[in-house]
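Structure, as structure tokens:
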Amino acid sequence: MQLSPFHLAIPVYDLDAARHFYREVFGLEEGRSSEHWVDFNFFGHQLVIHLAPKNASQEAAHTNAVDGHDVPVPHFGVVLGMQEWEALAERLQSLETKFVIEPGIRFQGLVGEQATMFLFDPCGNALEFKAFKDIGQLFAK
């Protein structure tokens, strides 16, 4: 199955800090930009950060319990291959990134077992990165 790239535009109240985070911490390639927005190649998808006032979810994230962790809502991210996920986790840890949920395995030994990690960007947007040893488990019940 070939996936189409998604386009996601998110609000940031500090464009310079968010630009630094996505470009330097994640190592994302920057595309077009203006004084108010910046495009990034987000693992083959188009992520656009837009300058906007701080919103309620950036002030204090709501959470839902998932496998013993408080998962921030809303959040977004990408499902990576396991090696790519491990390399990203290592990169983020080497940069002493503060995680909301440290890199680890969720639903271990169960249907849907996955590697996952959660963090916030400098403007309070929650991100999740996950990977499956068996990508067939992505939508398994």
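Taking our numbering, the leading residue of the sequence shown gets -2, the next gets one more, and so forth. From the three backbone atoms N, C-alpha and C, an ideal C-beta is built for every residue, glycine too.
For residue 138 and residue 110, believed in contact at Cβ under 8 Å, the rounded distance: In fact, because the Cβ distance is near 13 Å, the residues do not count as touching under 8 Å.
Host alpha helix (DSSP H) of residue 16 (start-end): 12 to 17
Beta-carbon spacing of residue 3, residue 43 below 9 Å: yes
Residue ranges of each beta strand (DSSP E) within the segment 41 to 108, 3 or longer: 42 to 48, 59 to 63, 66 to 70, 72 to 77 and 96 to 103
Integer Cβ distance of residue 126 from residue 82, believed to fall under 8 Å: 6 Å
Contact between the segment 28 to 36 and the segment 44 to 53 (3+ Cβ pairs under 8 Å): yes
Reference residue 104, options 128, 93, 58 and 118, closest by Cα: 128
Length of the line joining the Cα atoms of residue 121 and residue 41: 23 Å
Buried or exposed by the 16-neighbour rule on C-beta atoms within 10 Å, applied to residue 16: buried
Proximal residues to residue 26 (C-beta, below 6 Å), its chain only, five neighbours per side dropped: So the list reads 38, once near-sequence residues are dropped.
Same chain, Cβ closer than 6 Å to residue 90, five either side skipped, listed in chain order: Cβ within range, chain order: n/a, list empty.
Inter-residue Cα distance where the pair is residue 32 and residue 10: Spanning the two alpha carbons is a distance of roughly 13 Å.
Alpha-carbon to alpha-carbon, residue 50 and residue 14: 14 Å
6 Å CB neighbourhood of residue 115 in its chain, flanking five on each side removed: For residue 115, where only same-chain residues beyond five positions count, the Cβ hits under 6 Å are 97, 98 and 125.
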